[in-house]
Amino acid sequence: MVRVKICGITRIRDALWAARCGVDALGFIFAESPRRVSPERAKAVIDALPPFIRAVGVFVDEVPKTLVDIATFCGLDLVQLHGEETPDYCRKIPFPAIKAFRIKNPASLSAISPYRGVVKGAVLDTYHRVKMGGTGESFDWQLAVKARKYGIPIILSGGLTPENVQQAVQIAGPYAVDVNSGVEKRPGQKDAVLVERLMKQISGSFSN
Numbered sequence: 000m001v002r003v004k005i006c007g008i009t010r011i012r013d014a015l016w017a018a019r020c021g022v023d024a025l026g027f028i029f030a031e032s033p034r035r036v037s038p039e040r041a042k043a044v045i046d047a048l049p050p051f052i053r054a055v056g057v058f059v060d061e062v063p064k065t066l067v068d069i070a071t072f073c074g075l076d077l078v079q080l081h082g083e084e085t086p087d088y089c090r091k092i093p094f095p096a097i098k099a100f101r102i103k104n105p106a107s108l109s110a111i112s113p114y115r116g117v118v119k120g121a122v123l124d125t126y127h128r129v130k131m132g133g134t135g136e137s138f139d140w141q142l143a144v145k146a147r148k149y150g151i152p153i154i155l156s157g158g159l160t161p162e163n164v165q166q167a168v169q170i171a172g173p174y175a176v177d178v179n180s181g182v183e184k185r186p187g188q189k190d191a192v193l194v195e196r197l198m199k200q201i202s203g204s205f206s207n
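Okay, so the sequence shown: first residue is 0 according to numbering that gives the first Met the number 0, each after it adds one.
So, in structure tokens, the structure goes:
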């Protein structure tokens, strides 16, 4: 069964509903974003979670000490890095790290190689000239298949919705999917119906 992370969580009720629907991890964005959350707010949500739901903090080129302070205060399980963080940066952080890569074409995949053995997973997101994530746009999922050769668990992201997630999982065969805007009413507010539908579609991809 593919793992599921819902990103851009800002409200306790959204987090609890996602957990009830079977989501494995929740993402809290600490970088510039319409879904940005304060450490205090993220901690309140994380403290309300049931057991075995992993809390992931999303950062972009954050000062290492600030990242560690936030992660420690909030009780994060992992950090997800969406900037230009180097393998050395990832090694020095005392938290398991996931590195995001913006995918435009096959050549984009080569950036993954130096992170093998350094990070726990590679998030493949859609390339955007300005945005570091949360584009709401998808890329060629066949590229995710090619990315497996780097030996890092692949986390598929970018424009995933209840309507296309089943096809995406069947084509890409990822370790996990990372969904944000595809299950929202508006930035930072998740739609309970869409979250439930997403999980049912993912379950269906393994029963067909």
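Just so you know, even glycine gets a beta-carbon here, dropped at the ideal spot from N, CA and C.
Approximately 6 Å separates the beta-carbon atoms of L80 and A99; this is inside 8 Å, confirming the contact. Counting C-beta atoms within 10 angstroms of its own C-beta, E84 has 16 or more neighbours from the protein chains shown and is therefore classed as buried. DSSP, reduced to helix, strand and coil, places F58 within a strand of the structure shown.
Linking D13 to V164 through their CA atoms gives a straight-line distance of about 20 Å. Going by DSSP, G203 is part of the alpha helix (DSSP H) stretching over A191 to G203. With a minimum length of 3 residues, the unbroken runs of beta strand (DSSP E) contained wholly in the segment 5–78 fall at 24–28 and 53–58. Here G120 carries a strand assignment [DSSP, helix/strand/coil].
Of the candidates T71, G157 and L155, the residue whose Cα lies closest to the Cα of E39 is T71.
Residues T125, H127, G157 and G158 of the same chain have their beta carbon placed closer than 8 Å to that of E136, with the five preceding and five following residues left out of the count. Between the segment 18–25 and the segment 36–56 there are three or more C-beta pairs closer than 8 Å, enough to call the two in contact. With respect to L108, P95 sits apart: the two C-beta atoms are not nearer than 8 Å. Taking the CA atoms as reference points, K4 sits about 13 Å from K189. For L155, the enclosing beta strand (DSSP E) covers residues I153 to L155. Of all alpha-carbon atoms in R196, D60 and P105, the one lying nearest the alpha-carbon of F29 is that of D60. When the Cα atoms are used, V176 and K145 turn out to be separated by approximately 16 Å. The residue from K148, A191, V62 and R185 with its alpha-carbon nearest to that of P161 is A191. Sequence-distant Cβ neighbours of R90 in its own chain, meaning closer than 8 Å and more than five residues away, are V117. Pairing P93 with G181, the inter-Cα distance amounts to about 31 Å. Taking C-alpha positions only, V67 is separated from A41 by approximately 15 Å. Assignment of alpha helix (DSSP H) within the segment 76–117, counting only whole runs of 4 or more residues, yields 86–91 in chain order.
Listed in chain order, the non-local C-beta contacts of P186 below 6 Å within the same chain comprise P33 and R34, local neighbours out to five positions each way being set aside.
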